[in-house]
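> First, the structure itself, so that you have it in front of you.
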Amino acid sequence: MESFAFWYKERENESGVSVSDESGELAAHVHFNLWCECGWKKEKEHLQGTDYPYLDIGFRVKRLSKAQALFFFLPFSITEAKKMQCIEDLGRKFLENALLADALFNDSHHVTISANKKEIDVRCTSKDDHFKIYQLDIVNDISLEAFGEGTILEIKTGRILSNMDESEQESDYYFRFRIKNQPLDFLIHRYKPPTGVIQGLFNTTYMIDFRYHNIRGLHNTLVERFHEKLNHPVPVQQLHFFLMTKAYVDVSNTNFKVRKIEQDVWKDYVDGLDTEDLVAYHYADKPKTESNSKYIDSSELFAKFRVEQQVIWRYVLITLGLGAVGSLLGSSILALKDIIWQLICKFLLTPPT
696 MESFAFWYKE RENESGVSVS DESGELAAHV HFNLWCECGW KKEKEHLQGT DYPYLDIGFR
756 VKRLSKAQAL FFFLPFSITE AKKMQCIEDL GRKFLENALL ADALFNDSHH VTISANKKEI
816 DVRCTSKDDH FKIYQLDIVN DISLEAFGEG TILEIKTGRI LSNMDESEQE SDYYFRFRIK
876 NQPLDFLIHR YKPPTGVIQG LFNTTYMIDF RYHNIRGLHN TLVERFHEKL NHPVPVQQLH
936 FFLMTKAYVD VSNTNFKVRK IEQDVWKDYV DGLDTEDLVA YHYADKPKTE SNSKYIDSSE
996 LFAKFRVEQQ VIWRYVLITL GLGAVGSLLG SSILALKDII WQLICKFLLT PPT
């Protein structure tokens, strides 16, 4: 199972009738940010003992009041015991940096902190767009269920809905969290050329294999859960995937739009790590034609990127090594030549008996 998946459970009203039967339907925009090969090796190993990539996942849910719970499938294992080590809420980052909403959502926004709530009110200043960022309590708002080699992450909406005013029933809610201390081998594959011993000394090639709601990449039993009573796949209107990496990394995929990120804005977002010369490669997936469907059924992205190694010392070692081998061979040939000559002379000068 190498695909992400997203579904929800309908909420029923006091009469036992699904609220989805009422006006409007739940839908979402989904965001993935993969921070990989950002030049943080020494800093991250000092901070957390590993140089694993960051994967930020966010979803803006329209009409959250329709859902009793949200379920997000992660195609890797996280146990409850390691939940705090591997999952971090990113909602609080918007409190620490007022410019982050502008950078993340690519527009100008006014941010207001809600009193006595874990909500941040965000209003776009250039158009009529309003939503709330919810700060997730990883311990109490999120529960994890092991499924095969993956994990079902559940966000119960009861506490959020209980604090809603009647005027907020149609509000959009944005959730964002970070996966860390995970190798993400299912997503990032290191390519090993069959005859590339020398090539591997100078650069490393990686492949990104991203899949969202790819039915072939999901267990049949998991797919059945999408369609249990009151359960439905979340209709996705937009999906955005960002590869965040150093400018010197060579990325191969024509579907990406590229821009340099704002160094100061993003520095606190990545825990103070260096953001100089970081580039965002943006892939956007939207419904192909509204006549067929206004939602995305599934999404896939394949990309390659190559990282040049710090090779000066390797050139030096190889040069010295070749020189040493050459010198050794030269000395061996000369020594062998002397031995052969001595044998010839001995044979020619020795009188017959």
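Residue 927 in this note's numbering sits at position 232 of the sequence shown; the count goes up by one each step and never skips.
Cβ atoms here follow ideal geometry from the backbone N, Cα and C, with glycine treated the same way.
Taking the straight line between their C-alpha atoms, what separation do you get for E732 and E791?
Taking the straight line joining both Cα atoms gives about 25 angstroms.
> Does the stretch 721 to 737 come into contact with the stretch 749 to 764, if we say contact requires no fewer than three beta-carbon pairs (one atom in each stretch) closer than 8 angstroms?
Cβ pair count under 8 angstroms is three or more, so yes.
> Shortest alpha-carbon distance to I855 belongs to which of S838, K827, T916?
Nearest option by C-alpha distance: K827.
> Assign F905 to one of two classes, buried (16 or more other C-beta atoms within 10 Å of its C-beta) or exposed (fewer than that).
F905 should be labelled buried.
> Tell me the residue span of the beta strand (DSSP E) that contains W735.
Careful: W735 lies outside any beta strand (DSSP E) and carries neither H nor E.
> Excluding the 5 residues preceding and the 5 following L925 in the sequence, name in chain order all residues of the same chain whose CB lies nearer than 8 angstroms to its CB.
Same-chain partners within the cutoff: K704, E705, E707, S713, Q763.
> Can you name, in chain order, every residue of its own chain whose Cβ lies under 6 angstroms from the Cβ of E840, other than the five neighbours on each side?
Cβ neighbours of E840 beyond the five flanking positions: I847.
> Give me the Cα-Cα distance between L968 and V953, rounded to the nearest whole angstrom.
One C-alpha to the other measures close to 21 angstroms.
> Have a look at A793 and R818 and give me their C-alpha separation to the nearest angstrom.
The alpha-carbon atoms of A793 and R818 are separated by roughly 12 angstroms.
> Note down the Cα distance separating D1049 from Y978, rounded to an integer number of angstroms.
Outside the displayed range of the chain (696 to 1048) lies residue 1049, so it cannot be described from this structure.
> Could you tell me the boundaries of the beta strand (DSSP E) in which N728 lies?
Unbroken beta strand (DSSP E) run through N728: 722 to 730.
> If you measure between the beta carbons of A798 and V931, is that distance less than 8 angstroms?
Their beta carbons are not under 8 angstroms apart, which means A798 does not touch V931 by this criterion.
> Are the CB atoms of R873 and L938 within a distance shorter than 8 angstroms?
The answer is no: Cβ separation not under 8 angstroms.
> CB-CB under 6 angstroms to L765, same chain, minus the five flanking residues each way: which ones, in chain order?
Contacts found: Y703, I850.
> I'd like to know whether the C-beta atoms of Y990 and Q877 end up nearer to each other than 8 angstroms.
Contact: no.
> Pick out whichever of F1000, D824, F921 has its Cα sitting closest to the Cα of S803.
Out of F1000, D824, F921, D824 has the C-alpha closest to the C-alpha of S803.
> Helix, strand or coil, according to DSSP, for L1065 in the structure here?
Absent from the model: residue 1065. The displayed extent of the chain is 696 to 1048, so no value can be given.
> What is the DSSP secondary structure of W1008, reduced to helix, strand or coil?
Since pLDDT at W1008 reaches only 46, below the 50 mark, its modelled position is unreliable, and the value read off the structure follows with that caveat. W1008: helix per DSSP, three-state reduction.
> Note the first and the last residue of the continuous beta strand (DSSP E) segment covering Q933.
Where Q933 is concerned, the enclosing beta strand (DSSP E) stretches over 931 to 941.
> Nearest CA to the CA of L973: which residue from Q958, V965, D980?
The residue with the shortest Cα to Cα distance from L973 is Q958.
> Please report the distance separating the alpha-carbon of A975 from that of A998.
Roughly 14 angstroms separates the two Cα atoms.
> Which residue marks the beginning of the beta strand (DSSP E) containing M859, and which one marks its end?
Element bounds for M859: n/a, residue is neither H nor E.
> Would you kindly work out how many angstroms separate the C-alpha atoms of V756 and F800, rounded to a whole number?
If you take the alpha carbons of V756 and F800, they lie about 15 angstroms apart.
> Take F701 and list the residues in its own chain whose beta-carbon comes closer than 6 angstroms to its own, dropping the five residues that flank it on each side.
The answer, listed in chain order, is F767, V929.
> If you draw a straight line from the alpha carbon of K983 to that of D992, how long is it in whole angstroms?
Roughly 10 angstroms between the two C-alpha positions.
> Spatial neighbours of I883 within its chain, please: CB distance less than 7 angstroms, with the 5 preceding and 5 following residues excluded, ordered by chain position.
The answer, listed in chain order, is C731, P748, Y901, I903.
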